[in-house]
Amino acid sequence: MDLFSRKPAHCAVCGAPLKHRHKPKREWNVKGYLCGDCHVTKSTEFYEAKVVQPCVVCGTRYRIADMWEPRWQWDMDGLLCKGCFDKKEVDHKSKKSTCAHCGAQLGFIRYNPKPKWRMEGQLCRKCWDDTKAERG
Ligand SMILES: [Zn+2]
Ligand SMILES: [Zn+2]
Ligand SMILES: [Zn+2]
């Protein structure tokens, strides 16, 4: 026999006496039962937490469906809004257009380092020649 079963139940969130007990979901981390209103509020909250996320760059919340995954080269976690994604992409491209060795701006003509040099990015003519003279 449960001695407490006759005690009138109250909503665990707002404390209102319960006509209907609504069971909270386990992930809500609520002990006891909820009234109808609080149950709806909680479900919406948790639903939104699943479908809405802040952009990792600007922190504005967006629907996940409207957000972008960072490119793997960016070495980031999380999701970005469209604006931050575009900005990041431009940043990344402009970073790529400088010589990986001396940092000089590269024009249209750029040189890919040989794989055995183990360098990332691209080189200007001079650095490519120098590296080749040094490492073959
Ligand atoms: Zn309630
Ligand atoms: Zn953003
Ligand atoms: Zn260079």
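With this note's numbering applied, the sequence shown corresponds to residues 20 to 155, in that order.
C-beta: ideal position from N, C-alpha, C; glycine also.
Non-local C-beta neighbours of methionine 95 in its own chain, meaning closer than 6 Å and more than five positions away in sequence, comprise Pro89, ordered along the chain. Not one heavy atom of ligand 3 falls within 6 Å of the beta-carbon of histidine 111. When secondary structure is reduced to three states using DSSP, cysteine 103 falls in the helix class. Here the C-alpha atom of threonine 63 lies approximately 21 Å from the C-alpha atom of glycine 78. In the structure shown, the three-state DSSP call for threonine 79 is coil. Here proline 36 is bridged, per DSSP, to His29. With 16 or more other Cβ atoms inside 10 Å of its own Cβ, proline 43 counts as buried. Residue Ala31 holds the alpha-carbon nearest to the alpha-carbon of asparagine 48 among Lys38, Ala31, Gln92 and Leu37. Proximity to alanine 84 across Gln92, Trp91 and Leu98 peaks at Leu98, based on C-alpha coordinates.
If you check the CB distance, proline 132 and leucine 125 do not come in under 7 Å. Here phenylalanine 127 is exposed, its C-beta having fewer than 16 other C-beta atoms within 10 Å. Looking at Arg40, Gln72, Pro73 and Val70, the one whose alpha-carbon comes closest to that of histidine 58 is Arg40. Straight-line measurement puts the Cα of leucine 53 at about 21 Å from the Cα of lysine 69. As the crow flies, the alpha-carbon of glycine 55 is around 39 Å from that of glycine 102.
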